[in-house]
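Asker: Residue numbers (the numbering used here): 12 to 196. C-beta: ideal position from N, C-alpha, C; glycine also. Just so you know, these numbers come straight off a predicted model, no measurement behind them.
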Amino acid sequence: MINQVLNEADSKMDKSVEATREEFAAIRAGRVNPGMFAKIVANYYGTPTPLQALASFSSQDARTILIAPFDIGAMGEVEKAIRDSDLGVNPSNDGKILRCVFPELTEERRKEYVKLAKGKAEDGRVAVRNVRRTAKQSLEKLEKDGEVGKDDVTGAEKKLDAVTKKHTDSIDDMLKNKEAELLEV
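#1: Return the residue from the list Pro102, Leu77, Ile108, Asp163 that minimises the CA-CA distance to Gly84.
#2: Inspect the CB distances between the stretch 170 to 177 and the stretch 45 to 57 and report whether three or more fall short of 8 angstroms.
#3: Would you call the CB atoms of Ser203 and Ala79 closer than 8 angstroms?
#4: Between Glu195, Leu194, Asp180, Ala191, which has its C-alpha nearest Thr31's C-alpha?
#5: Does Pro61 come out as helix, strand or coil in the three-state DSSP assignment?
#6: Measure from the alpha carbon of Asp95 to the alpha carbon of each residue in Phe48, Glu190, Asp156, then state which is nearest.
#7: Leaving out the 5 sequence neighbours to the left and right, which residues in its chain are closer than 6 angstroms to Val142 when beta-carbon positions are compared?
#8: Taking the straight line between their C-alpha atoms, what separation do you get for Ala128 and Leu153?
#9: What residue does the beta strand (DSSP E) around Thr75 start on, and which one ends it?
#10: Please work out which residues of its chain come closer than 8 angstroms, Cβ to Cβ, to Thr58, disregarding the five sequence neighbours upstream and downstream, and give them in chain order.
#11: Using a 10 Å radius around the Cβ and a threshold of 16 neighbouring Cβ atoms, would you call Glu34 buried or exposed?
#12: Have a look at Glu115, Glu29, Asn44, Gly46 and flag the residue whose alpha-carbon is nearest the alpha-carbon of Glu195.
#13: Below 6 angstroms CB to CB, which residues in the same chain sit around Cys111 once its five sequence neighbours on both sides are set aside?
#14: What does a CB cutoff of less than 8 angstroms around Glu158 pick up in its chain, not counting 5 residues either side in sequence?
#15: Taking buried to mean at least 16 other C-beta atoms within 10 Å of its own C-beta, is Glu118 buried or exposed?
#16: Give every residue of the same chain whose Cβ lies closer than 6 angstroms to the Cβ of Val164, excluding the five residues on either side of it in the sequence, and list them in chain order.
#17: Anyone know if the C-beta pair for Leu62 and Phe81 falls short of 8 angstroms?
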């Protein structure tokens with residue numbers, strides 16, 4: 012029972028760390044990449060659809076990305092979704108592809124991105140701690156119901172704390188790397 016609770020908590024914490032990694036990928040560092048568009052959703056015939064499912068992306072250079080919708084009819088919605096997103100870019104439409112030219116990152120914008128990354132890291136750490144709290148409650152319930160002894164729960168809580176620390180440290184390392192990447196000129 013205890014191992015099941017610990018394994019489930021570890022699995023959920025892994026998912027929280029992975030979600031944080033995806034959030035970091037969406038933050039532009041220097042070179043544009045298709046991952047920046049991962050969270051953007053366009054209205055495709057009345058259905059919210061991720062841009063990755065509607066178009067192909069290719070980098071022309073470090074600041075320009077070309078977006079070719081699979082369905083030309085969706086061009087307007089894809090363009091609108093990009094314009095309304097928080098990327099701060101206005102795509103140009105030539106009828107076949109959308110061209111997004113990102114401005115050079117200023118020192119001020121880099122600091123904004125670092126602040127954004129810190130917020131996303133904190134969200135990830137909170138998610139990991141929430142999983143820990145839920146697992147701890149499950150362990151306490153097992154003890155209260157008499158299924159396991161107090162010593163077993165105490166040992167399991169120490170393991171749970173170690174797993175939690177491993178995952179929060181992982182998020183901290185990702186933040187440190189992203190911060191260095193963002194501040195690199």
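Answerer: Concretely, from the data shown:
#1: Numbered from 1 along the sequence shown, position 73 holds the residue referred to as residue 84. The shortest Cα separation from Gly84 among Pro102, Leu77, Ile108, Asp163 belongs to Ile108.
#2: In this structure the stretch 170 to 177 does not touch the stretch 45 to 57; the number of beta carbon pairs closer than 8 angstroms is below three.
#3: Residue coverage of the chain in this structure runs from 12 to 196, which leaves residue 203 outside it and unanswerable.
#4: Locating residue 31 in the sequence shown gives position 20, where the first residue counts as 1. Ranking Glu195, Leu194, Asp180, Ala191 by CA distance to the CA of Thr31 puts Asp180 first.
#5: Mapped onto the sequence shown, residue 61 falls at position 50. When secondary structure is reduced to three states using DSSP, Pro61 falls in the strand class.
#6: Taking the first residue of the sequence shown as 1, we reach residue 95 at position 84. Sorting Phe48, Glu190, Asp156 by C-alpha distance to the C-alpha of Asp95 places Phe48 at the top.
#7: To locate residue 142, count along the sequence shown from 1; it is residue 131. For Val142, where only same-chain residues beyond five positions count, the Cβ hits under 6 angstroms are Ala20, Lys23, Met24.
#8: Counting from one through the sequence shown, the residue named residue 128 turns up at place 117. Counting from one through the sequence shown, the residue named residue 153 turns up at place 142. Rounded to the nearest angstrom, the two C-alpha atoms are 38 angstroms apart.
#9: On the sequence shown, position 64 is the one that residue 75 refers to. Taken as a continuous stretch (DSSP letters only), the beta strand (DSSP E) holding Thr75 covers 75 to 80.
#10: Position 47 of the sequence shown holds residue 58. Beyond the five residues adjoining it in sequence on each side, Thr58 comes within less than 8 angstroms, by CB distance, of no other residue in the same chain.
#11: The residue labelled residue 34 in the question sits at position 23 within the sequence shown. Counting other Cβ atoms within 10 Å of its Cβ, Glu34 reaches 16 or more and is therefore classed as buried.
#12: Mapped onto the sequence shown, residue 195 falls at position 184. Of the candidates Glu115, Glu29, Asn44, Gly46, Glu115 places its Cα closest to the Cα of Glu195.
#13: One-based indexing of the sequence shown puts residue 111 at position 100. Apart from the 5 residues on each side of it in sequence, Cys111 sits with its Cβ closer than 6 angstroms to the Cβ of Ile76, Val100, Pro102 in its chain, given in chain order.
#14: By 1-based counting over the sequence shown, the position of residue 158 is 147. Residues of the same chain with a CB within less than 8 angstroms of the CB of Glu158, apart from the 5 flanking positions on each side, are Met12 in chain order.
#15: Taking the sequence shown and counting its residues from 1, one reaches residue 118 at position 107. Flag for Glu118 reads exposed.
#16: Walking along the sequence shown from the start, residue 164 turns up at place 153. Once the five neighbours on either side are set aside, the close Cβ partners of Val164 are Leu150, Glu154.
#17: Along the sequence shown, read from residue 1 onward, the residue named residue 62 stands at position 51. Along the sequence shown, read from residue 1 onward, the residue named residue 81 stands at position 70. No, Cβ-Cβ distance for Leu62 and Phe81 is not below 8 angstroms.
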